Amino acid sequence: MNGKLAAALAGLVLAAPARALEEPYAAVVRGTRCDLEADASLTCRYRVGAGLEFVLRRVGGAAPRLEVIRDNREGDYTLDPVRHGTCLFVRFGWTGNPAPGMEHQYATVSMVNGLAYRSLARCAAAR
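The working numbering applies: residue 23 is where the sequence shown begins, and numbers increase by one.
Have a look at this one:
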């Protein structure tokens with residue numbers, strides 16, 4: 023392959039739009055796995071996209087614990103550093119490419135029950 027052709031192909035690859043991501047809610051739901059531990063506490067593991075992975079231990083207990091395993095803020099999804107009561111925010115990372123017209127730009131995760139919600143109000147009301 024000659025140099026001009028290689029440069030043209032490289033330019034096309036770099037100019038191609040990134041694949042649009044699914045909304046954070048759908049990505050969180052798809053990437054959630056909850057299990058009962060030996061002590062009867064609930065642990066939920068979340069793998070969201072390529073760059074976000076976290077664990078909630080003692081979900082629904084008096085002192086749930088968040089463990090962030092991987093959070094690449096420059097990646098597709100990220101965990102918002104601000105916790106809103108018992109709810110965590112998952113949103114697009116810096117390189118996340120939401121589909122045009124996507125209604126929900128974030129998801130909330132309840133530390134009370136481990137479920138994902140599309141709004142903070144529903145997450146805050148979770149039991």
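Ideal Cβ placement from N, Cα and C applies to all residues, glycine included. A quick note: this is a predicted structure, and the numbers were derived from the prediction, not measured.
For residue i, does the three-state DSSP call read helix, strand or coil?
i      : result
Ala49  : helix
Gly71  : coil
Ala148 : coil
Ala143 : helix
Glu89  : strand
Leu137 : coil
Asp102 : coil
Ser63  : coil
Ala84  : coil
Arg55  : strand
Thr12  : An answer regarding residue 12 cannot be provided, because it is not within the stretch 23 to 149 covered by the chain.
Arg79  : strand
Arg113 : strand
Within the same chain, show all residues whose beta-carbon is closer than 6 Å to that of residue i, passing over the 5 residues directly before and after it, in chain order.
i      : result
Asn94  : Gly73
Glu59  : Thr65
Ala148 : Ser132, Val134, Asn135
Taking Cβ positions, are residue i and residue j nearer each other than 8 Å?
i      : j      : result
Ala84  : Val70  : no
Arg92  : Glu75  : yes
Thr65  : Ala138 : no
Val134 : Gly82  : yes
Val129 : Tyr47  : In the sequence on display, residue 129 carries Ala and not Val. Contact: yes.
Leu88  : Cys109 : no
Spatial neighbours of residue i within its chain, please: CB distance less than 8 Å, with the 5 preceding and 5 following residues excluded, ordered by chain position.
i      : result
Leu43  : Ala49, Gly71, Asp98, Tyr99, Phe114, Gly118, Asn119, Pro120, Ala121
Gly136 : Thr54, Cys56, Leu64, Cys66, Leu78, Val81, Gly82
Asp102 : Leu110, Phe111, Val112, Arg113, Tyr128
Gly107 : Ala146
In its own chain, which residues sit with a C-beta less than 7 Å from the C-beta of residue i, not counting the 5 before and 5 after it?
i     : result
Glu96 : Gly115, Trp116, Thr117
Leu31 : Annotation note: pLDDT 42 at Leu31 (below 50); position unreliable, no value reported.
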